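J.:
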Amino acid sequence: MNRRLLSLLLILLAGGAAYLLFPYNLAFLTRILIMIVLVLSLDLILGLAGIATLGQAAMYGAGAYAAGLFAIHVWADPVAGLLAGALAGAALAALSGAVLMRTQGLTLIMLTIAVAQICAEIANRARAVTGGADGLRGIRPGKVLGLWEFDFIGITGYWYAFAVMALVLLALAVIARSPFGLSLRGIHESPERMVAIGVSVYRRRLAAYTMGGAVAGTAGALSAQITQLVSLEAFSFTLSAEALIMLILGGTGRLYGAVLGTVIFMAVHHLAAANDPFNWLFVIGALVLAVVFFLPRGLIVLPTGLKRLAKGGRHAGS
Amino acid sequence: MQGLEVRGLSKRFGGLVVSEDIDFDLPPGARKALIGPNGAGKSTFANLVTGILAPTGGTIRFDGQDIAGLDEAQRVKRGIAKTFQITTLFSGLTVRENLRLPVLERRGRGGGLFRRADGDPAIETEVEALLAQFDLLPFADRPVVDLAYGQQRLVEMALTLALKPRVLILDEPAAGVPSSETHLIIEAIERLPGDLAVLVIEHDMDLVFRVARSIVVLVQGRILTEGTPGEIATNAQVRELYLGGAHG
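Residue numbers (this note's numbering), protein chains in the order written: chain A, 50 to 367; chain B, 3 to 250.
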């Protein structure tokens, strides 16, 4: 209990510190928060349940378009828009997952990519609804909880995204500790064995995939409301792949790894791209290589690893 | 009748007959062993009974009900469980978590989202009892992958017993276990609940003769003979089979 309170406090402090230290980078910080939500969704389905995917952007994009359209045509309330986004993400995940969760490995990866590509193509063709390649414009979200208006500097946007991220993190932490979370880890370790103890692995995986879809949809909805624009990029392969790299960088299956990996990836990306607009990808590449080779379980194990090293213990990554 | 009742069970893979016309009973409290040379169809038989494979002919009844239409997970829920020959434990999870999973599932709590997995005292009590029964308490919080192989086999049995089966099939429980640790397995089998129907499939004759009260000999997919350990030990055909090594 103490540890959970402590980590919650730490996250609140980090949110406040970032806000005070970088008042002119709120848009960038908000982008990080939104990415964290997306990477957390990936940690639920890939890190915990071991469902390999390179198409998480499908659910993110569905959530973004749903929230955008909801704000334009139905109701501008941001929280209601978030729910619409989460629902759209969950619905797409449940629908596609009904087929996808029957497959595994390479087949599954290819199919997840295909789903995201199909979504992108649908959004591209349905110009009348989505704005096609021009993107969905004219999203004007109302006041958050009827109290805070989205301002020009992005203060409301930052704290709104921060609150959503913290709530998602909390919810996933509860799920990860629950019997359902344990069963997902079991499926990750040995699906045959889960069948042998009487579990319908397919249904559990579908449930996890749907929950992950809801979280990814939430991330997409946040992005639509805060940038007030949805482009076809929301469905892009690059987004799915980058989310995966962030998760691997931080460490899978522990939630905090998703947070850490996203912050580091985005910060390094930001700094490297500012210093050298042409070769920044090399820096990211080198970072990923170093982590995969020296810390295969991600940067999140670095503190424990260093502690062990100081005590003269075993190798950090082992 | 109570327990497992197999009649005329057959399995063909294309032209290859791996099980042919097997009649087999396993009443509550039974301690039977299934032996036979490599390729006799012992594991196939176990897989047919547990629903991993579908038979090409014959019937399988449990407590008088035909269970042919049930899949593996459904048969587990009815009370037919099998340990795995090759260890397929949740190797990254701790021993305690390995045992908690089947107990949660058996009690229908495996899908719970809001409680902690270790938050139910009744389930934890049951997990502790299993740990104690198999002498696993000292290793309870270690990942299974860190355990010695003999201990992993005990986790395998504990995990399967956590399903509270009424029929327990032990598929080569001592396979790969160094002979110095075989006694751990034998003791664990001897401590199984008295009303449980147990079928042991095993190569280790020492283990078979220690735990079985009845032995079934399978050769080329057919039952050669069935009898008490004393009868089997003196059976000329069986002696020839094992000493002659014609089918090895």
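Glycine residues also receive a C-beta, built at the ideal position from the N, C-alpha and C atoms. Predicted model, so just to flag it, every value in this text is computed and none were measured.
In whole angstroms, give me the CA-to-CA distance for residue 133 of chain B and residue 91 of chain B.
T.: Answer to the nearest angstrom: the Cα atoms are 15 Å apart.
J.: Between the alpha carbons of residue 363 of chain A and residue 357 of chain A, how many angstroms are there, rounded?
T.: Unreliable positioning characterises residue 363 of chain A in this predicted model, as indicated by a pLDDT of 46, which lies under 50. A coordinate reading is not provided.
J.: Report the neighbours of residue 114 of chain B on chain A: residues whose CB is nearer than 8 Å to its CB, in chain order.
T.: Those are 227, 228 and 229, listed as they occur along chain A.
J.: Give the DSSP-derived three-state secondary structure of residue 34 of chain B in the structure shown.
T.: It is a strand residue.
J.: Using alpha carbons as the reference points, say which of B:210, B:214 and B:105 lies closest to residue 123 of chain B.
T.: Measuring from the Cα of residue 123 of chain B, the nearest candidate turns out to be B:105.
J.: Going along chain B, which residues have a C-beta under 9 Å from residue 217 of chain A?
T.: Those do not exist, as residue 217 of chain A stays about 14 Å from chain B at its closest Cβ, beyond 9 Å.
J.: Below 7 Å between beta carbons is the criterion; list the residues of the region 240 to 263 of chain A that meet it against any residue of chain B, in chain order.
T.: Those residues of the region 240 to 263 of chain A that come within reach of chain B (Cβ to Cβ, closer than 7 Å) are 241, 242, 244, 245, 246, 247, 248 and 249.
J.: How many angstroms separate the CA atom of residue 354 of chain A from the CA atom of residue 299 of chain A?
T.: Using only the alpha carbons, I get a separation of about 14 Å.
J.: Distance cutoff 8 Å, beta carbons only. Does residue 234 of chain A sit that close to anything in chain B?
T.: Judged by the 8 Å Cβ criterion, residue 234 of chain A is in contact with chain B.
J.: What number of angstroms, rounded off, separates the C-alpha of residue 176 of chain B from the C-alpha of residue 254 of chain A?
T.: Rounded to whole angstroms, residue 176 of chain B to residue 254 of chain A spans 33 Å at the Cα level.
J.: I want to know whether the region 286 to 300 of chain A touches the region 207 to 219 of chain A - three or more CB-CB distances under 8 Å.
T.: In short, these stretches do not touch, since the Cβ pair count stays below three.
J.: Measure the alpha-carbon distance for residue 212 of chain A versus residue 80 of chain A and round it to whole angstroms.
T.: Each residue's Cα considered, the two are about 14 Å apart.
J.: Let me check one thing: in DSSP terms, what residues is residue 228 of chain B bridge-paired to?
T.: Residue 228 of chain B is bridged to B:218.
J.: Cutting at 7 Å between CB atoms, please list the residues of its own chain near residue 158 of chain B, excluding the five before and the five after it.
T.: These residues qualify, in order along the chain: 85, 86, 89 and 91.
J.: Quick one: does residue 103 of chain B have its CB under 8 Å from some CB of chain A?
T.: So, interface residue.
J.: If you follow the alpha helix (DSSP H) that residue 27 of chain B is in, where does it begin and where does it stop?
T.: Not the alpha helix (DSSP H): residue 27 of chain B falls in the beta strand (DSSP E), residues 18 to 28.
J.: With a cut-off of 8 Å, do at least 3 Cβ pairs link the region 175 to 194 of chain B to the region 136 to 153 of chain B?
T.: Verdict: yes, contact present.
J.: Would a check of beta-carbon distances place residue 238 of chain A closer than 8 Å to chain B?
T.: Yes, because at least one Cβ of chain B sits closer than 8 Å to the Cβ of residue 238 of chain A.
J.: Hey, which unbroken runs of the alpha helix (DSSP H) at 4 residues or more fall wholly within the region 101 to 165 of chain A?
T.: Complete alpha helix (DSSP H) runs here, min 4: 106 to 122 and 127 to 149.
J.: Quick one: using the 10 Å Cβ neighbour count with 16 as the cut-off for buried, is residue 21 of chain A buried or exposed?
T.: The structure shown does not extend to residue 21 of chain A, since chain A spans only 50 to 367, so no value can be given for it.
J.: Beta-carbon of residue 130 of chain B versus every beta-carbon of chain A: anything under 8 Å?
T.: Taking Cβ atoms only, chain A never reaches closer than 8 Å to residue 130 of chain B, which makes this a no.
J.: Quick check on this structure: which residue in B:75, B:39 and B:41 has the alpha carbon closest to the alpha carbon of residue 51 of chain B?
T.: Measuring from the Cα of residue 51 of chain B, the nearest candidate turns out to be B:75.
J.: So, is residue 93 of chain A buried or exposed, given that buried needs 16 or more other C-beta atoms within 10 angstroms?
T.: Classification of residue 93 of chain A: buried, given that the 10 Å Cβ count is 16 or more.
J.: Of all the CB atoms in chain A, is at least one closer than 8 Å to the CB of residue 91 of chain B?
T.: Yes, contact with chain A.
J.: Based on the DSSP output, what are the partners of residue 216 of chain A in its beta bridges?
T.: Per DSSP, none; premise fails for residue 216 of chain A.
J.: Please determine, among A:203, A:308 and A:320, the residue with the shortest C-alpha to C-alpha distance to residue 84 of chain A.
T.: When each option's Cα is compared against that of residue 84 of chain A, the closest is A:308.
J.: Any C-beta of chain A within less than 7 Å: which residues of the region 117 to 141 of chain B qualify?
T.: Per Cβ criterion, the list reads 117, 118 and 119.
J.: Shortest alpha-carbon distance to residue 96 of chain A belongs to which of A:317, A:273, A:231 and A:245?
T.: Comparing Cα-Cα distances from residue 96 of chain A to each of A:317, A:273, A:231 and A:245, the minimum goes to A:231.
J.: Comparing the C-beta of residue 223 of chain A with each C-beta of chain B, is any distance below 8 Å?
T.: With 8 Å as the cut-off, residue 223 of chain A counts as an interface residue toward chain B.
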